[in-house]
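Q: Quick note on this note's numbering: the sequence shown kicks off at 660 and runs consecutively.
Just so it is clear, CB atoms sit at the ideal spot from N, CA and C, and this is done for glycine as well.
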Amino acid sequence: MSNTPHPLQVVAARHWKVAMPFVTALEWGSGKRPAATRLIVELTLANGTVGYGETICLLEFIEPVLVNTVFPIALAHRASDVERFSRHVLGAGYYHHKRAAVMAMAAVEMAMWDAVGRSSGLPLHALWGGAYRQQVEVAAYLFGTDAQAHHRSAQRFMDQGYRSFKVKIGMTAASDLSNVAAVRGAVGDFPLRADVNGAWTPGTARRML
Numbered sequence: 660m661s662n663t664p665h666p667l668q669v670v671a672a673r674h675w676k677v678a679m680p681f682v683t684a685l686e687w688g689s690g691k692r693p694a695a696t697r698l699i700v701e702l703t704l705a706n707g708t709v710g711y712g713e714t715i716c717l718l719e720f721i722e723p724v725l726v727n728t729v730f731p732i733a734l735a736h737r738a739s740d741v742e743r744f745s746r747h748v749l750g751a752g753y754y755h756h757k758r759a760a761v762m763a764m765a766a767v768e769m770a771m772w773d774a775v776g777r778s779s780g781l782p783l784h785a786l787w788g789g790a791y792r793q794q795v796e797v798a799a800y801l802f803g804t805d806a807q808a809h810h811r812s813a814q815r816f817m818d819q820g821y822r823s824f825k826v827k828i829g830m831t832a833a834s835d836l837s838n839v840a841a842v843r844g845a846v847g848d849f850p851l852r853a854d855v856n857g858a859w860t861p862g863t864a865r866r867m868l
C-alpha cells in the first residue's frame, strides 16, 4: 500500500485570532462591543491547496477546543469528508456541550469546503448543485440609542439601495420605541426587524408588542 497521502488529505492546520474594530461600537441589550473578534483557521492539503475558515470567538473555551480536539480530528480526514469529520468531533466527548464543538467546527468545516472548491477549480455552488440565484438581498444594520442618528443612518442606507433593515433594541423601553419609530419614519413600508437579543422579559415583550 502506498504511503502517499490522498490529494485532499488535511496535512496541516493553524489558526490565529483577529479583532476588527467597528467604526462605531455596537450597542445591544447585553452591552457594547467595540470590535468583532474571530478565530481564523488555515488548512493545508496534501496537494498544496490552502483553505480558510472563521468562527466567532466571544468565549474563551473555543480556542482550546479547536486546538486540542478539532484540529487533531481534522488532520485524520480528507477535506471532502466534512460530515464524517463533524460526527467524529461530536463523538469525542462534546455531544453534551455542542456550543463549544459547533463553534470550533464551523471554522474547520468552512476551511475544508474552501479547500475542496479551490482543489476542484469550481465555486462551491457548482459542487452543491448549482446557483439558485445571482443576487442575495442583505439588510442594513442599525444600533445605538440615538433616535435621530438612527433616522439619518436609515436614510443613508436607503440612498445606498438597501430595502431591508434591522435595528438593535433591548436597552430601555423609551429608547427601543423611539429608535424603531425613527427607522420606520425613514424607510416607510420596507421590511424592518427589531432584534432584542432576548433582553426583554415575557411581561416586557407583551407590553412592547
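1) Where does the unbroken alpha helix (DSSP H) through M830 begin, and where does it stop?
2) Using a threshold of 7 Å, state whether the C-beta atoms of V846 and F824 are closer than that.
3) Answer with buried or exposed for N727, where buried requires no fewer than 16 other C-beta atoms within 10 angstroms of its C-beta.
4) Measuring alpha carbon to alpha carbon, tell me which of V700, L704, K676, G710 ends up nearest A694.
5) Using CA atoms only, rank isn't needed, just tell me which of A760, E713, A759, A705 is closest to L734.
6) Alpha carbon to alpha carbon, what distance is there between A770 and A763?
7) Can you find the residues in the same chain that come closer than 7 Å, C-beta to C-beta, to T708, ignoring five residues on each side of it along the sequence?
8) Of all the alpha helix (DSSP H) runs that stay within the bounds of the stretch 740-776, which reach a length of 4 or more residues?
9) Suppose contacts are defined by Cβ-Cβ distances below 7 Å. Is A678 in contact with T696 by that definition?
10) Within the chosen definition, does the stretch 842-856 reach the stretch 808-818 through at least 3 CB pairs nearer than 8 Å?
11) Taking C-alpha atoms, which residue in S834, L667, P731, A832 lies nearest to D740?
12) Buried or exposed: where does K757 fall if 16 or more other Cβ atoms within 10 Å of its Cβ makes it buried?
13) Going by the CB atoms, is the gap between A759 and V700 shorter than 7 Å?
14) With the cut-off set at 7 Å, would you say R743 and H665 are in Cβ contact?
15) In chain order, what are the residue ranges of uninterrupted beta strand (DSSP E) at least 3 long that sit wholly in the stretch 678-733?
16) Report yes if the CB atom of A888 is closer than 7 Å to the CB atom of I828, and no otherwise.
17) For D835, collect the residues of the same chain with a Cβ closer than 8 Å to its Cβ; drop the 5 residues on either side in sequence, then sort them by chain order.
A: Once the coordinates are examined:
1) For M830, there is no enclosing alpha helix (DSSP H), as DSSP marks it with neither H nor E.
2) Cβ atoms of V846 and F824: closer than 7 Å.
3) Exposed, by the Cβ-count rule.
4) Out of V700, L704, K676, G710, K676 has the C-alpha closest to the C-alpha of A694.
5) Among A760, E713, A759, A705, the Cα nearest to that of L734 is on A705.
6) If you take the alpha carbons of A763 and A770, they lie about 12 Å apart.
7) Close CB contacts of T708 within its chain, under the 7 Å cut and outside five residues either way in sequence, are with A774, R777, S778 (chain order).
8) If only complete runs of 4 or more residues are kept, the stretch 740-776 shows the alpha helix (DSSP H) at 741-748, in order along the chain.
9) Yes, these two residues count as a Cβ contact at 7 Å.
10) Yes, they touch.
11) Per the C-alpha coordinates, the member of S834, L667, P731, A832 positioned closest to D740 is L667.
12) With fewer than 16 Cβ atoms within 10 Å of its Cβ, K757 is classed as exposed.
13) In this structure, A759 does not lie closer than 7 Å to V700 by Cβ.
14) Going by C-beta atoms, R743 is not nearer than 7 Å to H665.
15) Given a length threshold of 3 residues, each whole run of the beta strand (DSSP E) inside the stretch 678-733 is given here in chain order: 690-704, 709-715.
16) Within the shown structure, residues of the chain are numbered from 660 to 868, placing residue 888 beyond reach of any answer.
17) Counting only Cβ-Cβ distances below 8 Å, and skipping sequence neighbours, we find I828, G829, A853, V855, M867.
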